[in-house]
Amino acid sequence: MPSMCIDVNQPSSMNESNPDSLLQGMETMHSIYNTEDADITFRSCDNVIFKVHSVILKFASDVFSESSQILEVLFDSIYPRRRTLLRLEEFQFPFIFKLIDAAEKYDIFDIIGLTKQMVVRRALSGSALEHYALASRHQWSDVIVHISRFIPPPQTENPAQRCTLEMIDTSNLLKLFSLHQRRRAALIRALSISYQKNLSDDIRDNHLKWEEISEDHSCGCRSQAHNKVTWAAFKMAVLSLFDLTSPYDCTQKFDRKSSFWADSKLKELWSDRCTKCSEEYFSKDSLCSEFSRVLGMLPSSVEPH
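If you want it as structure tokens, here you go:
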């Protein structure tokens, strides 16, 4: 079988009789894909020569416009003895974006499947927002929903984040902003204490319940005249941390043993005492437990298609 040479810079340039006629100038032979019995020769856009076998590439396109590094990874995924050497986690995210574009272009599903698995496991370099941008670019619906749980509220004034946000299609970008708007609105509502037990559970369940956050005090005293300014300061502290935290990390950030509850800014909350019975209004354990309940009710991911 005659050998074939394909110049990816000029896709129409093929020479079956003399493949070496194209291999001129500043070309470099690839260190791995250079076997003598190869019947197809590729030259990448950065002038690296690949000699490969048509029998292995029969399901791939015969024209490539990618860099030598992209081609090497694509070939690694096709050649059986090279497949186990794939280490996608070693690449930076801009490269992964280009790689998946090429893999979808040439229907190389091993690369696509492996990348999706690594995005789900967050095993690739880059932020969760970059993972979301990649999944959005290729409409991986299940991955989009999953990875949204790990993204803090986007900071549009952050130049690096803004570049990533611009890579996300409008529909999935709106879903992401909607998720965090809904979460914040629900939390603000929850921080408005429900004092009245005669309201329906559907209403009260969406609020912190007075008898729960002031469990020790409310058992023996009916006073609800806690310091509203101190409570407002508590709400500000909660929202300040919440606005920097992903849905997934919220549980840990507001855990009873987390540094948040030990912050000196909350000292006045714990020392707020009833003027009637002189008991403290709030116990840390009770408030943490009830706060954890309302956190668990917040939406945690974007809505699926």
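Take 597 as the starting number for the sequence shown in this note's numbering and just add one per residue.
Even glycine gets a Cβ: it sits at the ideal position worked out from N, Cα and C.
Asked	Found
Where does LYS824 fall in DSSP's three states?	helix
Let me know the secondary structure DSSP gives GLU768 once reduced to three states.	According to the sequence provided, residue 768 is Asn. The question's Glu does not apply to it. Correct three-state label for ASN768: helix.
Does the Cβ of SER767 have 16 or more other Cβ atoms within 10 Å, making it buried, or fewer, making it exposed?	exposed
Could you say if the region 719-730 and the region 760-774 meet the contact criterion of at least three C-beta pairs nearer than 8 Å?	yes
Give the C-beta separation of SER896 and ARG745 to the nearest angstrom, bearing in mind that I take them to be a contact with Cβ-Cβ under 8 Å.	6 Å
From ASP801 to LYS712, what does the alpha carbon distance come to, in whole angstroms?	37 Å
Any idea if SER905 is buried or exposed, counting beta-carbon neighbours within 10 angstroms, 16 or more meaning buried?	The question about residue 905 has no answer here: the residues shown for the chain are numbered 597 through 901.
With DSSP run on the structure shown, which of helix, strand or coil describes ILE708?	helix
Quick one: any contact between the region 792-811 and the region 826-836, if contact means 3 or more CB pairs under 8 Å?	no
State yes or no: is the C-beta of ASP706 within less than 9 Å of the C-beta of SER673?	yes
With the cut-off set at 9 Å, would you say THR826 and LEU769 are in Cβ contact?	no
In three-state DSSP terms, what is LYS694?	helix
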